[in-house]
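Visitor:
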Amino acid sequence: MRKTDRMTAILKRAAETGSVDVADLASFLGVSGATIRRDLQTLAAQHLLVRTHGGAVVGDTGQELSVLVKSTRNQDEKRRIGRAAAALVQDGAVVGLTGGTTATELARALADRRGITVVTNAINIAAELAIRPQITLVVIGGVARPSYEMVGPAAEMMLDNYHLDIAFIGVDGLSAQEGCTTYHEMEAQTDRNFLERARRSVVIADSSKIGHVTFARIVPLARVDDIVTDTGADPQQLRELAESGVRIHAV
39 MRKTDRMTAI LKRAAETGSV DVADLASFLG VSGATIRRDL QTLAAQHLLV RTHGGAVVGD
99 TGQELSVLVK STRNQDEKRR IGRAAAALVQ DGAVVGLTGG TTATELARAL ADRRGITVVT
159 NAINIAAELA IRPQITLVVI GGVARPSYEM VGPAAEMMLD NYHLDIAFIG VDGLSAQEGC
219 TTYHEMEAQT DRNFLERARR SVVIADSSKI GHVTFARIVP LARVDDIVTD TGADPQQLRE
279 LAESGVRIHA V
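So in the numbering used here, the last one in the sequence shown is 289, and the numbering has no gaps at all.
This is the structure in structure tokens:
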């Protein structure tokens, strides 16, 4: 197994369980403990995991996780959310799309659509859609974030030039009381601009985000029209969100 494949497998296992053990990983991947320790040191140096005695953990849950770690979490749920969100997009629509692993699944679900325009600030999503000639792609510039999103005043000034039929944003926290939240203040402002330029505002979030609150508020729930999530969300939390007047799509 190549080193990159090993480290991907380690990240996936860490995301699923919250921590990994050198001995268990060595047995699971069929390599020596010394090889696993070197892999963990590499991942820790890249701030993808935090080393512990005998293993590693994904880090403080109050911190922003890397895209590589996020991409291994709740994959099936994110694919379902992406497909359900894509069904909300009408032919010929201008679609605003921020970054994130769930948004990436939405972009993939839209990839074969014809006649739509996608406006995105996520460079990884732009790379996926740039090879789709049937889609008109507009890429927003700005300050690059580890989430692959371009944010800040330059991004917001560019967004002010466009009118969106529907905008989709990912969030790190979503509750009836605090609305949509994320870890980074500048990212929150750019997300807010996407919603302000759209006739219809949609939040896409897997159930792990429901009921959580993180550092920076994007918008209160009153600014959201729809939420697309998965059926693993807490029913009470979904009732509270629905009572706020937002349409819930649980898939």
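Glycine included, every Cβ here is placed at the ideal spot set by N, Cα and C.
Tell me the rounded alpha-carbon separation between V58 and A72.
Guide: Roughly 15 angstroms between the two C-alpha positions.
Visitor: What three-state label does DSSP hand T252 in the structure shown?
Guide: T252 falls in the coil class under three-state DSSP.
Visitor: When DSSP labels each residue in this structure, what does S65 get in the three-state scheme?
Guide: DSSP places S65 in helix when its eight states are reduced to three.
Visitor: Go through the region 120-154 residue by residue and report every complete run of the beta strand (DSSP E) that reaches 3 residues or more, in order.
Guide: For the region 120-154, whole beta strand (DSSP E) runs of length 3 or above, ordered along the chain, are 132-135.
Visitor: Residues bridged to F206 by DSSP?
Guide: F206 pairs with L135 and V240.
Visitor: Where DSSP assigns a beta bridge to R285, which residues make up the other side?
Guide: Per DSSP, D264.
Visitor: By the 10 Å Cβ neighbour count, where 16 or more other Cβ atoms means buried, how is H222 classified, buried or exposed?
Guide: Flag for H222 reads buried.
Visitor: DSSP on T269, reduced to helix/strand/coil?
Guide: Reduced to three states, the DSSP call for T269 is coil.
Visitor: Is G39 helix, strand or coil when you go by DSSP?
Guide: Note that residue 39 is Met in the sequence shown here, rather than Gly. Coil, per DSSP.
Visitor: Taking 6 angstroms as the limit between beta carbons, can you name the residues of its chain near G132, skipping five residues before and five after?
Guide: It is Val, not Gly, that sits at residue 132 in the sequence shown. Contacts found: T155, L202 and D203.
Visitor: If you run the structure through DSSP and keep just helix, strand and coil, what is G100?
Guide: With a pLDDT of 46 at G100, under the threshold of 50, the modelled position of this residue cannot be trusted, and the question is left open.
Visitor: When you compare each of M196, A165, G120 and V60 to A94 by their alpha carbons, which one comes out closest?
Guide: Out of M196, A165, G120 and V60, V60 has the C-alpha closest to the C-alpha of A94.
Visitor: Starting from R235, trace the beta strand (DSSP E) both ways and give me its first and last residue.
Guide: Taken as a continuous stretch (DSSP letters only), R235 belongs to no beta strand (DSSP E), as it is neither H nor E.
Visitor: If you drop the 5 nearest sequence neighbours on each side, which residues of the same chain put their C-beta closer than 6 angstroms to that of N162?
Guide: These residues qualify, in order along the chain: Y186.
Visitor: Classify T269 as buried or exposed, calling it buried when 16 or more other Cβ atoms lie within 10 Å of its own Cβ.
Guide: Exposed.
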